[in-house]
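Working notes for the structure below.
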Ligand SMILES: Cc1ncc(COP(=O)(O)O)c(C=O)c1O
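In the numbering used here, the protein residues as written are 928 to 1306.
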């Protein structure tokens, strides 16, 4: 079918018409179990009833605003995010996408330090464009290899405004977590050199790792935290939250930043509702429990089919299974899709970031489908 959508990636021919919870339905009525939460946004499930009823109630009251006003939702959401992060007396700005928020956080760090570059662990995916974009000739970046302790000493920090951290790489690395010692050491060194610590929690934040934020698995104290994706459960809202010191040091003199959807009330109200749902329904625990079960099931595949499975990686509900070359990953991925499972795939690795409401039964049926495929490869 000819599509009128410019082709920056290659979707299948399937037309999505409805999503509910962990399920998505195409135009032919076929059901898919979404183990990717869209693009890792719908942590509380697609079309979450409580969140969507709230949106319906609020949309007619206050959706968008101009620069002359403040609104209470953005004030409240900033206070809430600060308390979850562990900041007090800081501030936030709200935008629409993770890329915008990451780039703005870096611009603020550059403004405060008078330095131009960022330090990042190679392969971290920070933004679709700009300072964080993965591009061989991105002159704004100094990259350090994953878990390479020794290379820390060769980094010249004098022009590094910020160390931008991804506490779980779901994109390029298909689920990888930096070692504690490596990350904590790098943060300590960066801080001692006046480099600002930004944690990019666009994917790991809002519960994905079974904690509010991925950085909470480490002994590190960020100065700026960026959230997005799951903050709106599918509605586009992102946030940059600054600690009290950065807030105090920041002066907008010489620094103007304006975007049409900056601090829009509806997005902030939705963010508050999403956080409230997670708190009142105990979704962090749900994420930990279901993530633990999912990991066990992947480990079952690894121990029973050791010649076919190289590795299992997991934290909360961010998981991956890496196969040996005895498994044809492309065929496996296509088989899963045809069987109604939406999963991430690259280089013989499958990735799973399902909604926290994923059922044990749906996890089991995915494992059964993978096992049947491996058993056939074995024959
Ligand atoms: C860690 C991380 N940061 C930033 C982004 C960019 O967010 P967005 O696609 O909303 O611009 C992504 C997107 O996948 C991400 O995974």
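Glycine residues also receive a C-beta, built at the ideal position from the N, C-alpha and C atoms.
Check: Residue 973 versus 983, 984, 985 and 960, residue with shortest Cα-Cα distance; Outcome: 960
Check: Residue 1090 - partner residues in DSSP beta bridges; Outcome: 1046 and 1124
Check: Inter-residue spacing [alpha-carbon to alpha-carbon] between residue 1007 and residue 1162; Outcome: 18 Å
Check: Assigned exposure category for residue 955 - 16 Cβ within 10 Å defines buried; Outcome: exposed
Check: Contact check, residue 1214 vs residue 1243, beta carbons under 8 Å; Outcome: yes
Check: Beta-carbon gap between residue 1138 and residue 1156 smaller than 8 Å; Outcome: no
Check: Check whether residue 1030 and residue 1054 have beta carbons under 8 Å apart; Outcome: yes
Check: Beta-ladder partner(s) of residue 1210, from DSSP; Outcome: BP columns for residue 1210 are empty, so no partner.
Check: Residues bridged to residue 959 (per DSSP); Outcome: 951
Check: For residue 1202 and residue 1090, the rounded distance between their alpha carbons; Outcome: 27 Å
Check: Exposure of residue 1150, with buried meaning 16 or more beta-carbon neighbours within 10 Å; Outcome: buried
Check: Own chain, CB closer than 7 Å to residue 958, minus 5 neighbours either side, in chain order; Outcome: 950, 952 and 1267
Check: Reference residue 995; option with closest CA among 1064, 1191, 1170 and 928; Outcome: 1191
Check: Burial state of residue 1101, where buried means 16 or more other Cβ atoms lie within 10 Å; Outcome: buried
Check: Contact check, residue 1045 vs residue 1052, beta carbons under 8 Å; Outcome: no
Check: Beta-carbon gap between residue 1126 and residue 1092 smaller than 8 Å; Outcome: yes
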